[in-house]
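Structure first, then comments.
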Amino acid sequence: MTLQQLKYFIEIVNCGSINKAAESLFISQPSLSNAVKDLEAESRC
1 MTLQQLKYFI EIVNCGSINK AAESLFISQP SLSNAVKDLE AESRC
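According to the working numbering, the sequence shown is numbered sequentially starting from 1.
In structure tokens form, the structure reads like this:
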């Protein structure tokens, strides 16, 4: 887990939606979704 992934996850929780979090973080929604997907894959190991 990177600090960036953690920051993204916290922002999603705070905003209540991936779309709103992406807007808040000034990144695209697909980029944010990919970061979350990578985080999920890492936690399955």
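Backbone N, C-alpha and C fix where the C-beta goes; we use that ideal spot for every residue, glycine too.
Assuming contact is defined by CB atoms lying nearer than 9 Å, are Ala41 and Gln4 in contact in what I supplied?
Here residue 41 refers to the residue found at position 41 of the sequence shown. Here residue 4 refers to the residue found at position 4 of the sequence shown. In this structure, Gln4 does not lie closer than 9 Å to Ala41 by Cβ.
Could you spell out the range, first to last residue, of the alpha helix (DSSP H) harbouring Gln28?
As a first step, residue 28 must be located in the sequence shown, where it is residue number 28. The question names Gln, but residue 28 is Ser in the sequence shown. Taken as a continuous stretch (DSSP letters only), Ser28 belongs to no alpha helix (DSSP H), as it is neither H nor E.
In three-state DSSP terms, what is Ser17?
Numbered from 1 along the sequence shown, position 17 holds the residue referred to as residue 17. Residue state, collapsed to three classes: coil.
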